[in-house]
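A quick write-up on the structure given underneath.
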Amino acid sequence: MATKMKGVTCIERNGTLYYYARVGGQRVYCGKGDKGLKLAEAARAKEIAKRYENREMIAGLKVKKVDLKTVKDLANSYMTLPTVPDQRSYSRNVLAVKNVLDYFGTRPVHASEADEQERYRKLRRDHGAADATIDVEISVLSAMYHEARKCKKVNPDAMPGQFVIKAERNPRRIVTDEEFEKLVDKADPDFRDVLICAYESAMRSSEIARLTAG
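Okay, so the sequence shown: first residue is 1 according to the numbering used here, each after it adds one.
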């Protein structure tokens, strides 16, 4: 028996109408009476909408939205960006992300508010981490959220109200490549390795100062 919506059909038995919807190329039973009709029309409408969405994606008119549910999803999305491995601080950031995920990893993206960051900071301090190190980790967490927000991969409501940074910032002047080459050229041969470690790695000055031969 014909119905008003194409792809929705019905069969009458003993005065009762049984409704079907064509979904995924198959005839699917949806129920009987008015309720069955509504379910069949809803299933068919969803099928039509999905078909048009797929056509838009194939034509390049629409990009499938990435659903970032957990902080781990957020980190994976950020760390696989083509520009991230090129950052000079990449090695340091990999370690920072590991520490962040140990605490936040399985939590939903909306569960990284300031109070939770404070709990994370206390836990990291209890494990001997310095505030400056924790600040780096919170900064990477911030970068993950802001990049996802910029790319519209997370809802604005999921963004933390703030990212808590504790240590006072006293940035040092960045040494240019040209200056570094002059330093290495004039340095004592035994000191050149220390300079190279300081320039190429993400180590802190206190860690550089404790380096030993071998």
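Note that CB positions come from ideal geometry on N, CA and C, so glycine has one too.
For V164, there is no enclosing beta strand (DSSP E), as DSSP marks it with neither H nor E.
Per the coordinates, the alpha-carbon of S205 lies some 30 Å from the alpha-carbon of E147.
DSSP places V23 in the uninterrupted beta strand (DSSP E) bounded by T16 to V23. The beta carbon of V194 sits closer than 7 Å to those of I208 and L211, all from its chain and outside the five residues before and after it, given in chain order.
Per DSSP, C197 lies in no beta strand (DSSP E) segment; the continuous alpha helix (DSSP H) that holds it begins and ends at P189 to E200. In this structure, the beta-carbon distance from V109 to T70 falls below 9 Å. As DSSP reads the structure, K32 sits in a beta bridge with Y18.
Restricting attention to A96, A213 and L74, the CA atom closest to the CA of A129 is found in A96.
Taking the Cα of A158 as reference, the smallest distance to any Cα among A114, E118, K182 and R119 is reached at A114. Residue burial annotation: P160 is buried, with at least 16 other C-beta atoms found within 10 angstroms of its C-beta. For a cut-off of 8 Å, the C-beta gap from R44 to A21 is around 4 Å, short enough to register as a contact. Assignment of Q117 by DSSP, reduced to helix, strand and coil, places it in the helix class. With contacts defined as CB atoms closer than 9 Å, K98 and I134 fail to qualify as a contacting pair.
At a Cβ-Cβ threshold of 9 Å, L17 and L39 do not count as neighbours. The Cβ atoms of E47 and G24 lie closer than 9 Å to each other. K152 and G15 have their C-alpha atoms roughly 52 Å apart.
The Cβ atoms of I138 and F163 sit closer than 9 Å to each other. The criterion of a C-beta distance shorter than 9 Å is not satisfied by K122 and L101.
A residue is called buried once 16 or more other Cβ atoms fall within 10 Å of its Cβ, and N155, having fewer, is exposed. Ranked by Cα distance from N76, the first of C10, D177 and V140 is V140.
Each residue's CA atom was taken as its position, placing E118 and R124 some 10 Å apart.
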